[in-house]
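A short write-up of the structure that comes next.
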Amino acid sequence: MNKIFETPLYPYYQSVDQTASAPGHHSVVVIGAGPVGLGMAIDLAQHGIDVVVLDDNDKVSFGSRAICFAKRTLEIADRLGFGDKLVDKGVQWNLGKVFFDERKVYEFNLLAEDGHARPAFINLQQYYFEQYLVERVQEINSETPKIDVRGKNRVSAIKDHGAYSALTVTTPDGEYTIHADWVIACDGAGSPTRSMMGLDFVGRVFEDNFLIADVTMEADFPTERWFWFDPPFNRGQSALLHKQPDGVWRIDLQLGWDVDKEAEKQPDRVIPRLKAMLGDDVKFELEWVSIYTFQCRRMEKFRHGNVIFAGDSAHQVSPFGARGANSGLQDVDNLSWKLAHVIKGLAPDTLLNSYDDERIHGADENIMNSTRSTDFITPKSDISRVFRNAVLDLSEHHDFARPLVNSGRLSMPCNYVGHSLTGEDAVAGGPARSQPGMPCPDAPLEDGYLLSKLGGGFTLMTLNTDAPSPQEIEGIEIAHLEMRATSDTNKTLGERFLGTAERAIYLIRPDQHIVARWSEYDAASVQMAVATALGKTQ
Amino acid sequence: MSTLILTPNIPNGDDFYEKLLNAHEGLSKEQSDALNARLILVLSNHIGDIDILEQALDAAKTAGQAA
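Quick mapping for you: the protein sequence lines, in order, are chains A and B.
Note that our numbering has the first sequence beginning at 1, numbered continuously upward.
Note that our numbering has the second sequence beginning at 539, numbered continuously upward.
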């Protein structure tokens, strides 16, 4: 067994709040120290906000769980200061193979677009992701203590007092109470916070069970993703083989609905299944086995007064398409700067309503995509199985059917085109991929990559033109990034941001989404766009 | 002779596939078979070119035989 599961990462300690005569008052309390909760704490700390993180556990999550981290998540991790660790440790792959019945029907190469600092995605066990987050927390705290992670601190009650919430926290030394202006609930799919507040979920429950096993093996399987529809070793069901770091392979086997979950988890049931899949002569060891069912659903609203939900506590998807942890990190990206600006009095409270607007849109997109994948993998009717099998049969012979094969669609970053914080698009001939609302595309520069040049705040990027620099607008420091792009300097930058235009000015939010763009600098237009992005114009 | 398109030609395949399955939602086997038959006839009429239709019949037949 891997030692990482046994060592407390954020051990329990007795905080001053436990012995204080009156409840301690905090600006932000994050509930849950998983990828979303810790990411939120780091992002807020980088905006200068002190955060208390409460978790009922003190260790990383058990088993591999989320294993696929998409490019946008890696870019967010870069902004949070731990992207290199993820990419250094993670496994990259490009080749996927699709099997149907006893035969390979086709293979595909992802051929990700060049000119990005980060790959399309990496495979990495969730416990590494969490470990690197904790290390980043320690790094931040070693400069100035900003993040107080309290292990074995379980929130057992939450009471709304209007301007603040009172939290009852249960620890090995008994209960204590703290007050928080803001509570961010990142406590996972079974969110106790959601239950305590009597809020519920709407959506679809899929009647299916999947067995996930992490195995270590000495095998010369290549670093590829293999997906089986209706294989001989798991008739009528599906199977997935994925490579992770440290010689660990992740195997997902669909079991069907009517199974005895406890029995199916036992090694005497699991090992014969895996032998049938991997071949009798392959030596492997089981590291972790779990059975899961899943749901595609979300809360009606993510913001409930001063309590805000993020990640799995707010929305859940099927695992096909890697949209769980990845969308949770996009929640972090979206919420942190808004909350920081509201706390500092730089934006109205209503800015936080745009978190609901933008991230509910993101959740709906993820739910739609992962539901489609699920419906393809586990057809819900005879006729959908007939079409599914027809697509697979045709895909063996004809290219046209391959885009219809759906074993999970790669998670693409969400865009907010047309949403309330988005300003004007005033660049004739500007590319669609960098229009207002889109996440800023990366581009290679003569010295590094574009995204690494964007700071933690708002940025005005000028391309082949100029603007006053730096300047304060609406009380906010706006950084200036002056770039040149011609046919022989920063050519890709020009392709991605100029299109057929000769010059352009981009206003970019702290989460690297584009607010507005112009071909000429005009102070009043820029001021209007900054006000829009801060939610002041609604 | 015109040639049957066998490379991807539907801009958003996932949208199309969902619409196709939605059309069958709640139908019995007989109703689904009948819907498919009508759909094939409608599309065939739209194509209207017997060379193309023969190639399509061949492509569909061949893909159904186990390799």
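We treat Cβ as the ideally placed atom computed from N, Cα and C, and that holds for glycine.
Quick caveat, the model's predicted, so the values are computed rather than measured.
Residues of the region 584-601 of chain B with a C-beta less than 9 angstroms from any C-beta of chain A: A597, A598, T600, A601, listed in chain order.
Listed in chain order, the beta strand (DSSP E) runs fully inside the region 85-123 of chain A are 95-100, 103-109, 121-123, counting runs of at least 3 residues. A distance of 9 angstroms or more separates the beta carbons of A:V134 and A:V30. Secondary structure at A:R297: strand, using DSSP grouped into helix, strand and coil.
With a threshold of 16 other beta carbon atoms within 10 Å, B:N583 falls short and is exposed. Contact between the region 74-89 of chain A and the region 111-122 of chain A is established, with three or more Cβ pairs separated by less than 8 angstroms. Inclusion of A:L421 and A:S354 in the CB contact set at 9 angstroms is warranted, their separation being smaller than that value. Boundaries of the beta strand (DSSP E) harbouring A:W288: 284-292, taken from the DSSP string. Of A:V53, A:G34, A:D43, A:T73, the smallest CA-CA separation from A:S61 is found for A:G34. C-alpha of A:G324 to C-alpha of B:E592: approximately 46 angstroms in a straight line. Counting along the chain, A:R154 sits inside the beta strand (DSSP E) bounded by residues 154-160. With fewer than 16 other Cβ atoms from the protein chains shown falling within 10 Å of its own Cβ, A:H25 counts as exposed.
Beyond the five residues adjoining it in sequence on each side, A:D187 comes within less than 7 angstroms, by CB distance, of I31, G32, T193, S313 in the same chain, given in chain order. Contact check for A:G362 against A:C440 fails: the beta carbons are separated by 9 angstroms or more.
A:E130 and A:L38 have their C-alpha atoms spaced approximately 8 angstroms apart. In the pairwise beta carbon analysis, the region 499-519 of chain A is classified as touching the region 434-448 of chain A: at least three pairs are separated by under 8 angstroms. Under the Cβ criterion of 9 angstroms, B:T541 is not counted among the residues facing chain A. Rounded to whole angstroms, A:V205 and A:F294 show a C-alpha spacing of 6 angstroms.
Remark: C-beta atoms of A:L481 and A:T465 do not approach each other more closely than 9 angstroms.
Neighbours of A:P403 across chain B, judged by C-beta separation under 7 angstroms: P546, G551.
Nearest in C-alpha terms to A:S487, of all of A:L445, A:I505, A:L451, A:D522, is A:L445. DSSP, reduced to helix, strand and coil, places A:P431 outside both helices and strands of the structure shown, so it counts as coil.
CA-CA distance, B:I590 to B:M539, rounds to 9 angstroms.
Your pair A:I67 and A:Q244 checks out as a contact, with CB atoms roughly 6 angstroms apart and the cut at 8 angstroms. Less than 9 angstroms divides the Cβ of A:L493 from the Cβ of A:L450. Ranked by how close their Cα comes to the Cα of A:H161, the residues A:V307, A:S373, A:A443, A:L507 have A:V307 in first place. A:N406 reaches chain B at G551, D552, Y555, counting residues in chain order whose Cβ is nearer than 9 angstroms. For A:D252, the three-state secondary structure derived from DSSP is strand. Nearest C-alpha to B:T545 among A:A426, A:L404, A:D281: A:L404. A check of alpha carbon separations from A:G345 across A:V137, A:G535, A:V51 identifies A:G535 as the nearest. Under DSSP, A:E175 shares a beta bridge with A:T170.
A contact between stretches requires three or more CB pairs, one per stretch, nearer than 8 angstroms, and the region 272-292 of chain A fails this requirement with the region 331-351 of chain A.
Residues of the region 342-375 of chain A with a C-beta atom less than 8 angstroms from some C-beta of chain B are N369, R372, D375, listed in chain order.
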